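Trainee: Residue 387 in my numbering sits at position 228 of the sequence shown, and the numbers go up by one each step. Built from N, CA and C at the ideal position, the CB exists for glycine as well. Predicted, not measured: the structure shown is a model, and the values here were computed from it.
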Amino acid sequence: MDKHAKIYVAGHRGLVGSALMRQLNAQGYSNIVTRTHGELDLTNQQAVKDFFQTEKPEYVFLAAAKVGGIHANNTYPAEFLYENLAIQTNVIHQSYVSGVKRLLFLGSSCIYPRDCPQPIKEEYLLTGELETTNRPYALAKIAGIEMCWSYNRQYGTQYLAVMPTNLYGPGDNYHLENSHVIPALIRKFHEAKVNSQATVTVWGSGNPKREFLYSEDMAEACLYVINLPEAQFKPMLAADRNDGLPPLLNLGSNSDLTISELASLVKKVVGFNGEISFDTNKPDGTMRKLMDSGRLNRLGWSANTKLIDGLKLAYQNYIKMMKID
Numbered sequence: 160m161d162k163h164a165k166i167y168v169a170g171h172r173g174l175v176g177s178a179l180m181r182q183l184n185a186q187g188y189s190n191i192v193t194r195t196h197g198e199l200d201l202t203n204q205q206a207v208k209d210f211f212q213t214e215k216p217e218y219v220f221l222a223a224a225k226v227g228g229i230h231a232n233n234t235y236p237a238e239f240l241y242e243n244l245a246i247q248t249n250v251i252h253q254s255y256v257s258g259v260k261r262l263l264f265l266g267s268s269c270i271y272p273r274d275c276p277q278p279i280k281e282e283y284l285l286t287g288e289l290e291t292t293n294r295p296y297a298l299a300k301i302a303g304i305e306m307c308w309s310y311n312r313q314y315g316t317q318y319l320a321v322m323p324t325n326l327y328g329p330g331d332n333y334h335l336e337n338s339h340v341i342p343a344l345i346r347k348f349h350e351a352k353v354n355s356q357a358t359v360t361v362w363g364s365g366n367p368k369r370e371f372l373y374s375e376d377m378a379e380a381c382l383y384v385i386n387l388p389e390a391q392f393k394p395m396l397a398a399d400r401n402d403g404l405p406p407l408l409n410l411g412s413n414s415d416l417t418i419s420e421l422a423s424l425v426k427k428v429v430g431f432n433g434e435i436s437f438d439t440n441k442p443d444g445t446m447r448k449l450m451d452s453g454r455l456n457r458l459g460w461s462a463n464t465k466l467i468d469g470l471k472l473a474y475q476n477y478i479k480m481m482k483i484d
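1) If you drop the 5 nearest sequence neighbours on each side, which residues of the same chain put their C-beta closer than 6 angstroms to that of THR234?
2) In whole angstroms, what separates the C-alpha of ASN366 from that of ILE341?
3) Out of THR195, GLY411, GLY228, which one is the CA nearest neighbour of GLY453?
4) For ALA397, collect the residues of the same chain with a Cβ closer than 8 angstroms to its Cβ; drop the 5 residues on either side in sequence, then sort them by chain order.
5) What does the alpha-carbon distance come out to for the pair ASP331 and ASP451?
6) For TRP460, which three-state DSSP category applies?
7) Sort out for me which residues DSSP pairs TYR218 with in a bridge.
8) Excluding the 5 residues preceding and the 5 following PHE264 in the sequence, name in chain order all residues of the same chain whose CB lies nearer than 6 angstroms to its CB.
9) Output the boundary residues of the beta strand (DSSP E) element that contains SER436.
10) On the DSSP bridge assignment, give the partners of LEU244 in chain order.
11) With a threshold of 8 angstroms, are at least 3 pairs of Cβ atoms found where one atom belongs to the stretch 256–274 and the other to the stretch 211–230?
12) Straight-line CA distance for ILE467 to PRO295?
13) Do three or more CB pairs link the stretch 384–399 to the stretch 461–481 at distances below 8 angstroms?
14) What three-state label does DSSP hand ASN325 in the structure shown?
15) For LEU285, which three-state DSSP category applies?
16) What residues match up with ASN409 in a beta bridge as DSSP calls it?
17) In the DSSP assignment, find the beta strand (DSSP E) that holds VAL361 and state where it starts and stops.
18) The alpha helix (DSSP H) with ARG181 in it runs from where to where?
19) When we look at the beta-carbon of ASP484 and count the other beta-carbons within 10 Å, is it buried (16 or more) or exposed?
20) Would ARG172 and THR195 be called neighbours here (beta carbons separated by less than 8 angstroms)?
21) Check the C-beta distance from LEU289 over to ALA299 and give it rounded, since I have them as a contact under 8 angstroms.
22) I need the DSSP call for GLU420, collapsed to helix, strand or coil.
23) Going along the chain, which unbroken runs of the alpha helix (DSSP H) with 4 or more residues stay wholly within the stretch 330–384?
24) Just checking my contact of LYS347 with LEU335 at CB under 8 angstroms: how many whole Å lie between their CB atoms?
25) Is it true that the CB of GLN253 sits closer than 8 angstroms to the CB of VAL207?
26) Would you kindly check if the distance between the Cβ of GLU217 and the Cβ of LYS165 is under 8 angstroms?
27) For MET480, list the residues DSSP reports as bridge partners.
28) With DSSP as the reference, label LYS465 as helix, strand or coil.
29) Is DSSP giving VAL250 helix, strand or coil here?
30) So, for GLY469: in the same chain, excluding its five sequence neighbours on each side, which residues have a beta-carbon less than 6 angstroms away from its beta-carbon?
31) For MET450, name the three-state secondary structure that DSSP assigns.
32) Measure the Cβ-Cβ separation of LEU387 and LEU455 and say whether it is below 8 angstroms.
33) Output the distance between the C-alpha atoms of ASP376 and ARG273, rounded to the nearest integer angstrom.
34) Can the beta-carbon of PHE392 be found closer than 8 angstroms to that of THR324?
Rendered as structure tokens:
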């Protein structure tokens, strides 16, 4: 991407989008277009059409989405399906209509089957049943991948779906029920420390294993990928084939740990001195989701932020966000 190319970041205020904004600014990109939800409702087809006709961005990072943890996915399945389908359908189609050069569609590791082999390779997509607790969200994201694939094959577009593993970092959502596991644990342990609680209760058995990637690393990977030369970028697009391998790229850290181990790390970072208990009446979700990021690594990029260091940075950000002394 030329440093003056017009770049649209959809969802620039979220965890993913804000990390992309920081990385773009750090690397000297000077023509970034953004809209808040109040300024542009991405579920509104006509509004999205008008925006693309007016702005005509050259590159698009599609990071806008309705996201949340197990509780949110179980509570609002219709919204997770409808809103995500509408957002990505409008943005991907109008990107094609307006002649966008390259688009990165951001998804999630939950697109893969619940019980697929570990680590998870891109070709495992659609080879088994999905995890029921987030199936509506996963199906919406799978539809987005298929849309990128179809437009690449039919119209010769350069749309790539990148699937980060579980993300955390600056700008995260710290809602106790609707957030993902790391921000929820950070808030739980901090409030327990402040209130001198004896115990922090963690959802589930603590046995599932999860992989995590610091959001700043994710953004760096996205810019690295979208800037790849044609000889490396085009083979990933599946533009000339329909052989089962979609235009899909895993973004991960290549390591995982149990939720119990994660809780102990967060406890240490926050400085909570009490005990940890587990509520086994709450769902565990998929037991393991370690992604195979070998394809990305072979392209020349690997994550560099250690989990303990990322957790420290995330906790500092939480303190700052919540304006806590």
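Mentor: The short version:
1) Start at 1 with the first residue of the sequence shown, and residue 234 comes out as number 75. Beyond the five residues adjoining it in sequence on each side, THR234 comes within less than 6 angstroms, by CB distance, of no other residue in the same chain.
2) The count along the sequence shown starts at 1 and reaches residue 366 at position 207. The count along the sequence shown starts at 1 and reaches residue 341 at position 182. Between the alpha carbons of ASN366 and ILE341 lies a distance of about 15 angstroms.
3) Mapped onto the sequence shown, residue 453 falls at position 294. That would be GLY411, whose Cα lies nearest to the Cα of GLY453.
4) Counting from 1 along the sequence shown, the entry for residue 397 is found at position 238. TRP308, ASN311, ARG312, LEU404, PRO405, PRO406.
5) Along the sequence shown, one-based indexing puts residue 331 at 172. Along the sequence shown, one-based indexing puts residue 451 at 292. The alpha-carbon atoms of ASP331 and ASP451 are separated by roughly 25 angstroms.
6) The residue given as residue 460 occupies position 301 in the sequence shown. Coil.
7) Within the sequence shown, residue 218 is the residue found at index 59, counting from 1. DSSP lists ILE166, ARG261 as partners of TYR218.
8) Stepping through the sequence shown from its first residue, residue 264 is reached at position 105. Only LEU221, GLY303, CYS307, ALA320 meet the Cβ criterion.
9) As a position in the sequence shown, residue 436 is number 277, starting the count at 1. 434–438 is the span of the beta strand (DSSP E), which, as asked, contains SER436.
10) Translated into positions along the sequence shown, residue 244 becomes position 85. According to DSSP, which records beta bridges pairwise, LEU244 is partnered with nothing at all.
11) Counting Cβ pairs under 8 angstroms, three or more are found: they touch.
12) For the purposes of this step, residue 467 is taken as residue 308 along the sequence shown, with counting starting at 1. For the purposes of this step, residue 295 is taken as residue 136 along the sequence shown, with counting starting at 1. Rounded to the nearest angstrom, the two C-alpha atoms are 32 angstroms apart.
13) Output reads no: the stretch 461–481 does not touch the stretch 384–399.
14) Residue mapping note: residue 325 aligns to position 166 of the sequence shown, counting from 1. Strand at ASN325.
15) The residue you call residue 285 lines up with position 126 of the sequence shown. DSSP, read as helix, strand or coil, puts LEU285 in coil.
16) Within the sequence shown, numbered from 1, the residue matching residue 409 stands at position 250. For ASN409, the beta-bridge partners assigned by DSSP are MET322.
17) Position 202 of the sequence shown, counted from the start, is the residue given in the question as residue 361. That run of the beta strand (DSSP E) goes 358–362.
18) By one-based count along the sequence shown, residue 181 stands at place 22. Segment 174–185, the alpha helix (DSSP H) holding ARG181.
19) Position 325 of the sequence shown, counting from 1, holds the residue named residue 484. Residue placement at ASP484 cannot be trusted, given a pLDDT of 47 that sits under 50; the coordinates are not used to answer.
20) Within the sequence shown, residue 172 is the residue found at index 13, counting from 1. Within the sequence shown, residue 195 is the residue found at index 36, counting from 1. Closer than 8 angstroms, so yes.
21) On the sequence shown, position 130 is the one that residue 289 refers to. On the sequence shown, position 140 is the one that residue 299 refers to. Wrong, their Cβ atoms sit about 11 angstroms apart, outside the cutoff.
22) Counting from one through the sequence shown, the residue named residue 420 turns up at place 261. GLU420 falls in the helix class under three-state DSSP.
23) Entirely contained in the stretch 330–384, the alpha helix (DSSP H) runs reaching 4 residues are, in chain order, 340–353.
24) Taking the sequence shown and counting its residues from 1, the one referred to as residue 347 is at position 188. Taking the sequence shown and counting its residues from 1, the one referred to as residue 335 is at position 176. Sure, about 7 angstroms apart at Cβ, within 8 angstroms.
25) Counting from 1 along the sequence shown, the entry for residue 207 is found at position 48. Counting from 1 along the sequence shown, the entry for residue 253 is found at position 94. For VAL207 and GLN253, yes; Cβs fall inside 8 angstroms.
26) Counting from 1 along the sequence shown, the entry for residue 165 is found at position 6. Counting from 1 along the sequence shown, the entry for residue 217 is found at position 58. For LYS165 and GLU217, yes; Cβs fall inside 8 angstroms.
27) Locating residue 480 in the sequence shown gives position 321, counting from the first residue. Answer is none; MET480 lacks a bridge partner.
28) Here residue 465 corresponds to residue number 306 of the sequence shown, with the count starting at 1. LYS465 sits in coil when the DSSP states are folded into three classes, being neither helix nor strand.
29) Locating residue 250 in the sequence shown gives position 91, counting from the first residue. In the structure shown, VAL250 adopts helical secondary structure according to DSSP, grouped into three states.
30) Here residue 469 corresponds to residue number 310 of the sequence shown, with the count starting at 1. Only TYR373 meet the Cβ criterion.
31) As a working note, residue 450 is residue 291 in the sequence shown. Taken through DSSP and simplified to helix, strand or coil, MET450 comes out as strand.
32) Numbered from 1 along the sequence shown, position 228 holds the residue referred to as residue 387. Numbered from 1 along the sequence shown, position 296 holds the residue referred to as residue 455. Contact flag unset, no.
33) In the sequence shown, counting from the first residue as 1, residue 376 sits at position 217. In the sequence shown, counting from the first residue as 1, residue 273 sits at position 114. Put simply, the backbone Cα of ASP376 is about 26 angstroms away from that of ARG273.
34) Stepping through the sequence shown from its first residue, residue 392 is reached at position 233. Stepping through the sequence shown from its first residue, residue 324 is reached at position 165. Contact flag unset, no.
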